[in-house]
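Undergrad:
Number of protein chains: 2
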Amino acid sequence: MKSIITISREFGSGGRTIGKLVAERLGYQFYDRELVNKVAERSGFSPEFIEEGGEYASAKSSLLFAMATAGQYSADGLSMHDRLYIEQTRFIEELAEQGKCVIVGRCADYILRDNKDCLHVFIHADMASRAKRIVERYGEKDKSPEKRLAEKDQKRRVYYKNYTGRNWGQAQNYDLCLNSGVLGEEACVELIVAACK
Amino acid sequence: MKSIITISREFGSGGRTIGKLVAERLGYQFYDRELVNKVAERSGFSPEFIEEGGEYASAKSSLLFAMATAGQYSADGLSMHDRLYIEQTRFIEELAEQGKCVIVGRCADYILRDNKDCLHVFIHADMASRAKRIVERYGEKDKSPEKRLAEKDQKRRVYYKNYTGRNWGQAQNYDLCLNSGVLGEEACVELIVAACK
Chain L
1102 MKSIITISRE FGSGGRTIGK LVAERLGYQF YDRELVNKVA ERSGFSPEFI EEGGEYASAK
1162 SSLLFAMATA GQYSADGLSM HDRLYIEQTR FIEELAEQGK CVIVGRCADY ILRDNKDCLH
1222 VFIHADMASR AKRIVERYGE KDKSPEKRLA EKDQKRRVYY KNYTGRNWGQ AQNYDLCLNS
1282 GVLGEEACVE LIVAACK
Chain R
1102 MKSIITISRE FGSGGRTIGK LVAERLGYQF YDRELVNKVA ERSGFSPEFI EEGGEYASAK
1162 SSLLFAMATA GQYSADGLSM HDRLYIEQTR FIEELAEQGK CVIVGRCADY ILRDNKDCLH
1222 VFIHADMASR AKRIVERYGE KDKSPEKRLA EKDQKRRVYY KNYTGRNWGQ AQNYDLCLNS
1282 GVLGEEACVE LIVAACK
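Protein chains in written order, with our numbering: chain L, 1102 to 1298; chain R, 1102 to 1298.
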């Protein structure tokens, strides 16, 4: 029985909800918002900065990402984004030591890649299902949902590449990848729980 | 209940065996060697050419692939590799019409990408598990198993990219991706059968 589950997910795929249901089913702690709050408390960064800066690059390419964040240095000489990444890494490593938890996002799959007690999950869905979901959840905006999703995907991909050197969504980096659009939320929960055992 | 399962797999991941067990469990037809024989019968190509040329590029880059196959034209003006791809595509589309089958490899995931009655599966494993498996199955060779696997991976990646334009092993192209090295053969069979329902 794996005692740590990391869940990476495309925005709008329902990965967060699926992770929460898996945690409930297994009686594990669930870390998403809780992780943000804890890192905020320890680092002094605002929850808003952590929410956005802890998973998303701020511009469209790694070069632009580096340029955009270049001026933002904290007292120890690291960029604000790098310092946040280090804080998140430390906290995720501590969570893993405690075990029995589900951790959503934040490169936890990469940070815990050598931990044999982990099940690494990636959840994705087709554009239409994700667009429907974000409109239901966050409402309509000026930009089309497809455009919002494409931007989120791009920022997350750049952030992930920048800190891990890996390609986001490459199956070989996970133990289990699920298409929630085809399989449905409930089946995804069942499959993760089954794979965990 | 999905009536067609496509299985793409890394060489040495046990994907073929897993596919066969899934087919037995569901009472579905299994197409791997059978597909090669049928395409041989219809096209006049030798089973050996189909086995190698129907999934693997013959050199290390798409350019070299194009160059290496450039001289090999069949009577209708298509390259031998392209003609084989077309024969395979036709046959796979016919199989899908009949339904209740498991099809291993041969870009079936791409060929049947718009078929709603399909479950598309990708099976992979870490290098060490795959190396162990191919030595048990095919014995030691002059080249190390790691080198043999790296070459097979590269050739399959180039072949797939050449005919589909996609990156091989990208999670978003499948409904279910499984790490057989971590999950084990039997669990993979169970998860595929469960996802199919």
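Cβ atoms here follow ideal geometry from the backbone N, Cα and C, with glycine treated the same way.
Please read all numbers here as calculations on a predicted model, not as lab measurements.
(1) In chain order, which continuous runs of the alpha helix (DSSP H) of length 4 or greater are located wholly inside the region 1253 to 1295 of chain R?
(2) With a threshold of 6 Å on Cβ separation, who are the neighbours of Tyr1261(R) within its own chain once the five nearest residues in sequence on each side are excluded?
(3) What is the rounded straight-line gap between the Cα of Ala1160(L) and the Cα of Met1228(L)?
(4) Can you say whether Gln1189(L) is buried or exposed, counting buried as having 16 or more other CB atoms within 10 angstroms of its CB?
(5) Counting pairs of Cβ atoms below 8 Å between the region 1287 to 1296 of chain R and the region 1115 to 1133 of chain R, do you hit three or more?
(6) Per DSSP, what kind of secondary structure is Tyr1132(L) in: helix, strand or coil?
(7) Kindly indicate which residue of Arg1267(L), Pro1246(L) and Arg1214(L) has the alpha-carbon position closest to the one of Ile1105(L).
(8) Is there a Cβ of chain R sitting closer than 7 Å to that of Gly1120(L), yes or no?
(9) Return the first residue and the last residue of the alpha helix (DSSP H) that Ser1230(R) is part of.
(10) Quick one: give me the first and last residue of the alpha helix (DSSP H) that Leu1196(R) is part of.
(11) So, does the region 1132 to 1150 of chain L touch the region 1235 to 1244 of chain L, judging by three or more C-beta pairs under 8 Å?
(12) Residues of chain L with CB under 8 Å from Phe1223(R), in chain order?
(13) What do you reckon, are the CB atoms on Val1203(R) and Val1123(R) nearer than 7 Å?
(14) Any idea if Ser1245(R) is buried or exposed, counting beta-carbon neighbours within 10 angstroms, 16 or more meaning buried?
(15) Could you check which residue in Asn1216(L), Gln1271(L) and Tyr1157(L) has the C-alpha nearest to that of Gln1199(L)?
(16) Report the three-state DSSP secondary structure of Arg1110(L) (helix, strand or coil).
(17) Is Ala1232(L) close to chain R? Criterion is C-beta to C-beta, closer than 7 Å.
(18) Kindly say whether Val1292(L), judged by its beta-carbon, lies nearer than 7 Å to any beta-carbon of chain R.
(19) List the endpoints of the continuous alpha helix (DSSP H) containing Leu1213(L).
(20) Please name the residue, chosen from Tyr1264(R), Cys1278(R), Gly1206(R) and Asp1243(R), that lies closest to Glu1152(R) on a Cα-to-Cα basis.
TA: The short version:
(1) For the region 1253 to 1295 of chain R, the full-length alpha helix (DSSP H) segments reaching 4 residues or more read 1281 to 1284 along the chain.
(2) Excluding its 5 nearest sequence neighbours in each direction, Tyr1261(R) has C-beta neighbours in its own chain below 6 Å: Trp1269, listed in chain order.
(3) The predicted model places Ala1160(L) with a pLDDT of 49, which falls under 50 and marks its position as unreliable; any figure quoted below should be read in that light. Within the model, the alpha-carbon separation for Ala1160(L) versus Met1228(L) is close to 21 Å.
(4) When all chains shown are included, Gln1189(L) counts as buried.
(5) Segments in contact, yes.
(6) In the structure shown, Tyr1132(L) sits in a strand (DSSP, three-state: E or B).
(7) Nearest C-alpha to Ile1105(L) among Arg1267(L), Pro1246(L) and Arg1214(L): Arg1214(L).
(8) Residue-level contact by beta carbon fails for Gly1120(L) and chain R, as no gap is shorter than 7 Å.
(9) Note, Ser1230(R): alpha helix (DSSP H), Met1228 to Tyr1239.
(10) Annotation for Leu1196(R): the continuous alpha helix (DSSP H) segment containing it runs Met1181 to Gln1199.
(11) Taking a contact to require three or more Cβ pairs closer than 8 Å, the region 1132 to 1150 of chain L and the region 1235 to 1244 of chain L do not qualify as touching.
(12) Using a Cβ-Cβ cut-off of 8 Å, Phe1223(R) is close to Ala1272 and Cys1278 of chain L, given in chain order.
(13) Between Val1203(R) and Val1123(R), the C-beta spacing is below 7 Å.
(14) Ser1245(R) is exposed by the Cβ-count criterion.
(15) The candidate whose alpha carbon is nearest that of Gln1199(L) is Asn1216(L).
(16) The answer is strand: DSSP assigns Arg1110(L) an E or B state.
(17) No, because no Cβ of chain R sits closer than 7 Å to the Cβ of Ala1232(L).
(18) Note that residue 1292(L) is Leu in the sequence shown, not Val. Taking Cβ atoms only, chain R reaches closer than 7 Å to Leu1292(L), which makes this a yes.
(19) Secondary structure note for Leu1213(L): it is in no alpha helix (DSSP H), with a DSSP letter that is neither H nor E.
(20) The closest CA to that of Glu1152(R), considering only Tyr1264(R), Cys1278(R), Gly1206(R) and Asp1243(R), is found on Gly1206(R).
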